[in-house]
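Below you'll find the structure, written out as C-alpha coordinates, and then a few comments.
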Amino acid sequence: MTTITGEQLARIALDAGKLVMEVYSTDFDVERKDDASPVTEADAKAEVLILAGLKAAEPDLKVVAEESASAGHIPEHGHRFALVDPLDGTREFVNRNGQFTVNIGIIEHGKPVMGVVYAPALNRLFVAEGPDTAWQADVKPGEPVPASDVRRPLHIRKCPDVGVTAIASKSHRSPETDAFLKKFKVGEIISAGSSLKFCLLGAGEADLYPRMGRTMEWDTAAGQAVAEAAGAVVLTEDGTPLRYGKRERGYDNPHFIVYGDVAPI
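The C-terminal residue of the sequence shown carries number 334 in the working numbering, and the numbering is unbroken.
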(Lines of atoms letter the chains of each structure in order from A; the text may use other names.)
(Lines give C-alpha, C1' and ligand atoms only; values in the text may rest on other atoms or scores of the structure.)
Protein backbone atom coordinates (compact mmCIF):
# COMPACT_ATOMS: atom_id res chain seq x y z
CA MET A 70 0.00 0.00 0.00
CA THR A 71 1.30 3.45 -0.92
CA THR A 72 1.25 5.77 2.09
CA ILE A 73 1.63 9.51 2.05
CA THR A 74 4.89 11.17 3.16
CA GLY A 75 5.50 14.34 5.14
CA GLU A 76 6.96 15.85 1.98
CA GLN A 77 3.72 15.19 0.08
CA LEU A 78 1.60 16.60 2.91
CA ALA A 79 3.71 19.78 2.86
CA ARG A 80 3.36 20.08 -0.92
CA ILE A 81 -0.45 19.80 -0.75
CA ALA A 82 -0.65 22.36 2.07
CA LEU A 83 1.57 24.87 0.25
CA ASP A 84 -0.58 24.59 -2.88
CA ALA A 85 -3.77 24.95 -0.84
CA GLY A 86 -2.23 27.97 0.89
CA LYS A 87 -1.59 29.62 -2.47
CA LEU A 88 -5.22 29.14 -3.44
CA VAL A 89 -6.40 30.47 -0.06
CA MET A 90 -4.25 33.59 -0.46
CA GLU A 91 -5.60 34.22 -3.95
CA VAL A 92 -9.10 34.43 -2.43
CA TYR A 93 -7.77 36.45 0.56
CA SER A 94 -6.57 39.17 -1.80
CA THR A 95 -10.06 39.66 -3.26
CA ASP A 96 -13.26 41.19 -1.93
CA PHE A 97 -14.62 37.73 -1.08
CA ASP A 98 -18.14 36.92 0.10
CA VAL A 99 -18.83 35.38 3.51
CA GLU A 100 -21.70 32.93 3.95
CA ARG A 101 -23.02 31.29 7.12
CA LYS A 102 -23.34 27.59 7.80
CA ASP A 103 -26.20 26.05 9.76
CA ASP A 104 -24.29 26.60 13.01
CA ALA A 105 -23.77 30.29 12.06
CA SER A 106 -20.03 29.84 11.56
CA PRO A 107 -18.57 31.70 8.57
CA VAL A 108 -17.49 30.01 5.34
CA THR A 109 -15.88 31.45 2.20
CA GLU A 110 -15.02 30.21 -1.28
CA ALA A 111 -11.46 29.69 0.03
CA ASP A 112 -12.73 26.88 2.29
CA ALA A 113 -14.44 25.10 -0.59
CA LYS A 114 -11.70 25.57 -3.21
CA ALA A 115 -8.90 24.54 -0.85
CA GLU A 116 -10.79 21.41 0.22
CA VAL A 117 -11.20 20.29 -3.40
CA LEU A 118 -7.47 20.77 -4.00
CA ILE A 119 -6.49 18.92 -0.79
CA LEU A 120 -8.81 15.98 -1.45
CA ALA A 121 -7.37 15.59 -4.96
CA GLY A 122 -3.81 15.78 -3.62
CA LEU A 123 -4.46 13.17 -0.93
CA LYS A 124 -6.13 10.83 -3.43
CA ALA A 125 -3.13 11.07 -5.76
CA ALA A 126 -0.65 10.43 -2.93
CA GLU A 127 -2.54 7.63 -1.13
CA PRO A 128 -5.52 6.43 -3.20
CA ASP A 129 -7.05 4.24 -0.47
CA LEU A 130 -6.93 6.87 2.27
CA LYS A 131 -10.40 7.81 3.53
CA VAL A 132 -10.77 11.50 4.36
CA VAL A 133 -13.10 13.29 6.78
CA ALA A 134 -13.01 16.93 5.65
CA GLU A 135 -14.84 19.86 7.21
CA GLU A 136 -16.85 21.18 4.27
CA SER A 137 -17.79 17.69 3.02
CA ALA A 138 -18.77 16.68 6.56
CA SER A 139 -20.89 19.84 6.92
CA ALA A 140 -22.73 18.74 3.79
CA GLY A 141 -23.31 15.30 5.32
CA HIS A 142 -20.60 13.42 3.41
CA ILE A 143 -18.58 11.41 5.94
CA PRO A 144 -17.00 8.22 4.58
CA GLU A 145 -16.82 4.96 6.46
CA HIS A 146 -13.19 4.55 7.48
CA GLY A 147 -10.95 2.08 9.25
CA HIS A 148 -8.19 2.72 11.78
CA ARG A 149 -6.19 4.86 9.32
CA PHE A 150 -7.79 7.97 7.86
CA ALA A 151 -7.19 11.68 7.30
CA LEU A 152 -8.81 14.73 8.88
CA VAL A 153 -8.79 17.94 6.84
CA ASP A 154 -9.67 21.53 7.66
CA PRO A 155 -8.97 23.46 4.47
CA LEU A 156 -9.20 26.82 6.24
CA ASP A 157 -8.96 26.70 10.02
CA GLY A 158 -9.69 30.07 11.55
CA THR A 159 -12.20 31.36 9.01
CA ARG A 160 -13.02 34.18 11.46
CA GLU A 161 -9.35 35.18 11.36
CA PHE A 162 -9.49 35.00 7.56
CA VAL A 163 -12.59 37.19 7.43
CA ASN A 164 -11.03 39.64 9.93
CA ARG A 165 -7.84 39.61 7.82
CA ASN A 166 -5.48 39.16 10.78
CA GLY A 167 -3.44 36.44 9.04
CA GLN A 168 -3.84 33.81 11.77
CA PHE A 169 -5.53 31.08 9.75
CA THR A 170 -4.16 27.75 8.65
CA VAL A 171 -4.47 24.80 6.31
CA ASN A 172 -4.67 21.58 8.40
CA ILE A 173 -4.15 17.98 7.27
CA GLY A 174 -3.77 15.24 9.89
CA ILE A 175 -3.27 11.50 9.49
CA ILE A 176 -4.83 9.27 12.17
CA GLU A 177 -3.93 5.69 13.06
CA HIS A 178 -5.82 3.81 15.77
CA GLY A 179 -7.21 7.08 17.13
CA LYS A 180 -3.84 8.84 17.38
CA PRO A 181 -2.54 11.64 15.13
CA VAL A 182 0.70 10.23 13.66
CA MET A 183 1.45 12.78 10.92
CA GLY A 184 0.27 16.24 10.11
CA VAL A 185 0.88 19.54 8.40
CA VAL A 186 -0.23 23.00 9.52
CA TYR A 187 0.46 25.86 7.15
CA ALA A 188 -0.23 29.54 7.87
CA PRO A 189 0.00 31.03 4.37
CA ALA A 190 -0.37 34.69 5.39
CA LEU A 191 2.51 34.25 7.87
CA ASN A 192 4.64 31.99 5.62
CA ARG A 193 4.96 29.48 8.48
CA LEU A 194 4.94 25.76 7.76
CA PHE A 195 4.86 23.08 10.47
CA VAL A 196 5.22 19.40 9.57
CA ALA A 197 5.03 16.27 11.75
CA GLU A 198 6.59 13.53 9.63
CA GLY A 199 5.94 10.93 12.31
CA PRO A 200 5.20 10.60 16.03
CA ASP A 201 8.69 11.86 17.04
CA THR A 202 9.83 14.00 14.11
CA ALA A 203 8.60 17.52 13.45
CA TRP A 204 10.06 20.57 11.77
CA GLN A 205 9.16 24.11 10.77
CA ALA A 206 10.27 26.39 7.96
CA ASP A 207 9.47 29.77 6.49
CA VAL A 208 8.00 29.38 3.02
CA LYS A 209 5.66 31.39 0.81
CA PRO A 210 2.45 29.89 -0.60
CA GLY A 211 3.01 27.69 -3.63
CA GLU A 212 6.80 27.66 -3.29
CA PRO A 213 8.82 24.41 -3.27
CA VAL A 214 8.83 22.32 -0.11
CA PRO A 215 11.79 23.66 1.91
CA ALA A 216 15.03 21.68 1.61
CA SER A 217 16.26 19.86 4.70
CA ASP A 218 19.01 22.43 5.38
CA VAL A 219 16.47 25.20 6.06
CA ARG A 220 14.11 23.08 8.16
CA ARG A 221 14.29 23.75 11.88
CA PRO A 222 13.49 20.87 14.26
CA LEU A 223 10.49 21.47 16.53
CA HIS A 224 10.93 20.91 20.26
CA ILE A 225 9.01 22.15 23.27
CA ARG A 226 11.11 24.39 25.50
CA LYS A 227 12.06 24.14 29.14
CA CYS A 228 9.41 25.98 31.11
CA PRO A 229 10.75 29.43 32.15
CA ASP A 230 11.34 30.13 35.85
CA VAL A 231 9.24 33.31 35.59
CA GLY A 232 6.18 31.19 34.85
CA VAL A 233 4.40 29.57 31.96
CA THR A 234 3.46 31.36 28.79
CA ALA A 235 -0.12 30.31 28.19
CA ILE A 236 -1.70 30.55 24.79
CA ALA A 237 -5.39 31.21 24.38
CA SER A 238 -7.83 31.44 21.53
CA LYS A 239 -8.16 34.73 19.71
CA SER A 240 -11.88 34.15 19.02
CA HIS A 241 -13.05 31.69 21.70
CA ARG A 242 -11.67 32.63 25.14
CA SER A 243 -13.94 31.32 27.91
CA PRO A 244 -14.37 31.83 31.68
CA GLU A 245 -13.44 28.14 32.12
CA THR A 246 -10.11 28.86 30.44
CA ASP A 247 -9.38 31.72 32.84
CA ALA A 248 -10.34 29.54 35.83
CA PHE A 249 -8.02 26.76 34.63
CA LEU A 250 -5.07 29.13 34.19
CA LYS A 251 -5.40 30.26 37.82
CA LYS A 252 -3.97 26.86 38.81
CA PHE A 253 -0.60 27.76 37.31
CA LYS A 254 2.10 30.38 37.75
CA VAL A 255 1.44 32.26 34.54
CA GLY A 256 4.09 34.71 33.39
CA GLU A 257 2.38 35.74 30.17
CA ILE A 258 -0.77 35.04 28.15
CA ILE A 259 -0.57 35.31 24.38
CA SER A 260 -3.39 34.87 21.92
CA ALA A 261 -3.45 33.23 18.52
CA GLY A 262 -5.99 31.92 16.08
CA SER A 263 -6.60 28.49 14.55
CA SER A 264 -4.28 25.52 15.10
CA LEU A 265 -1.31 27.89 15.28
CA LYS A 266 -1.74 27.54 19.05
CA PHE A 267 -0.56 23.91 18.96
CA CYS A 268 2.34 24.82 16.70
CA LEU A 269 3.59 27.79 18.72
CA LEU A 270 3.74 25.49 21.73
CA GLY A 271 5.62 22.87 19.70
CA ALA A 272 8.00 25.58 18.48
CA GLY A 273 8.89 26.57 22.05
CA GLU A 274 7.05 29.90 21.96
CA ALA A 275 4.50 28.93 24.64
CA ASP A 276 4.12 26.27 27.35
CA LEU A 277 0.41 25.67 27.96
CA TYR A 278 -2.73 25.78 25.81
CA PRO A 279 -6.09 25.01 27.46
CA ARG A 280 -9.10 24.76 25.17
CA MET A 281 -12.31 24.85 27.17
CA GLY A 282 -14.67 25.18 24.26
CA ARG A 283 -16.03 23.16 21.36
CA THR A 284 -13.69 22.03 18.62
CA MET A 285 -14.03 19.47 15.85
CA GLU A 286 -11.52 16.74 15.10
CA TRP A 287 -10.46 18.37 11.82
CA ASP A 288 -9.64 21.55 13.79
CA THR A 289 -7.13 19.80 16.02
CA ALA A 290 -5.69 16.63 14.44
CA ALA A 291 -2.86 18.23 12.46
CA GLY A 292 -1.91 20.60 15.26
CA GLN A 293 -1.89 17.78 17.81
CA ALA A 294 0.37 15.72 15.53
CA VAL A 295 2.83 18.64 15.37
CA ALA A 296 2.72 19.43 19.10
CA GLU A 297 3.10 15.81 20.21
CA ALA A 298 5.93 15.14 17.75
CA ALA A 299 7.67 18.15 19.34
CA GLY A 300 7.29 16.61 22.82
CA ALA A 301 4.00 18.08 24.04
CA VAL A 302 1.17 16.09 25.65
CA VAL A 303 -2.49 16.61 24.75
CA LEU A 304 -4.97 15.47 27.41
CA THR A 305 -8.68 15.86 28.07
CA GLU A 306 -9.82 17.34 31.38
CA ASP A 307 -9.96 13.88 32.96
CA GLY A 308 -6.33 13.24 32.04
CA THR A 309 -6.83 10.84 29.13
CA PRO A 310 -5.20 11.38 25.71
CA LEU A 311 -7.29 13.25 23.13
CA ARG A 312 -8.26 10.67 20.51
CA TYR A 313 -9.85 10.66 17.05
CA GLY A 314 -12.52 8.89 15.05
CA LYS A 315 -15.28 9.74 17.53
CA ARG A 316 -18.12 9.14 15.09
CA GLU A 317 -20.60 8.68 17.96
CA ARG A 318 -19.90 12.30 19.00
CA GLY A 319 -20.17 13.59 15.46
CA TYR A 320 -16.38 14.06 15.41
CA ASP A 321 -16.39 16.79 18.04
CA ASN A 322 -13.84 16.97 20.86
CA PRO A 323 -14.18 17.25 24.61
CA HIS A 324 -12.30 20.08 26.30
CA PHE A 325 -8.53 19.49 26.25
CA ILE A 326 -5.20 20.91 27.39
CA VAL A 327 -1.87 20.94 25.55
CA TYR A 328 1.05 20.72 27.98
CA GLY A 329 4.64 21.55 27.09
CA ASP A 330 7.20 21.25 29.87
CA VAL A 331 4.40 21.61 32.44
CA ALA A 332 3.10 18.90 34.78
CA PRO A 333 -0.55 18.09 33.96
CA ILE A 334 -3.11 19.09 36.59
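Cβ atoms here follow ideal geometry from the backbone N, Cα and C, with glycine treated the same way. No experiment lies behind these values; they were computed from the predicted model shown.
- For G86, there is no enclosing beta strand (DSSP E); the enclosing alpha helix (DSSP H) covers residues G75 to Y93.
- If you keep only unbroken alpha helix (DSSP H) runs of at least 4 residues inside the stretch 283-331, you get 286-298.
- A straight-line Cα-Cα distance of about 8 angstroms links L120 and V132.
- L250 sits in a helix when the DSSP states are folded into three classes.
- Within the model, the alpha-carbon separation for V295 versus E100 is close to 31 angstroms.
- Counting other Cβ atoms within 10 Å of its Cβ, V219 stays below 16 and is therefore classed as exposed.
- If you check the CB distance, A298 and A203 come in under 8 angstroms.
- The stretch 90-139 contains, as complete alpha helix (DSSP H) runs of 4+ residues, the segments 110-126 and 135-139 (chain order).
- Just so you know, the alpha carbons of A290 and K227 end up roughly 24 angstroms apart.
- Between the alpha carbons of A140 and G282 lies a gap of roughly 23 angstroms.
- In the same chain as L250, and ignoring 5 residues on each side of it, the C-beta atoms closer than 6 angstroms to its own belong to A235, in chain order.
- Annotation: H148 to R242 spans about 33 angstroms, alpha carbon to alpha carbon.
- Cα atoms of P215 and L223: separation of roughly 15 angstroms, rounded to the nearest angstrom.
- If you compare the alpha carbons of I334, G184 and S94 with that of G75, the shortest gap goes to G184.
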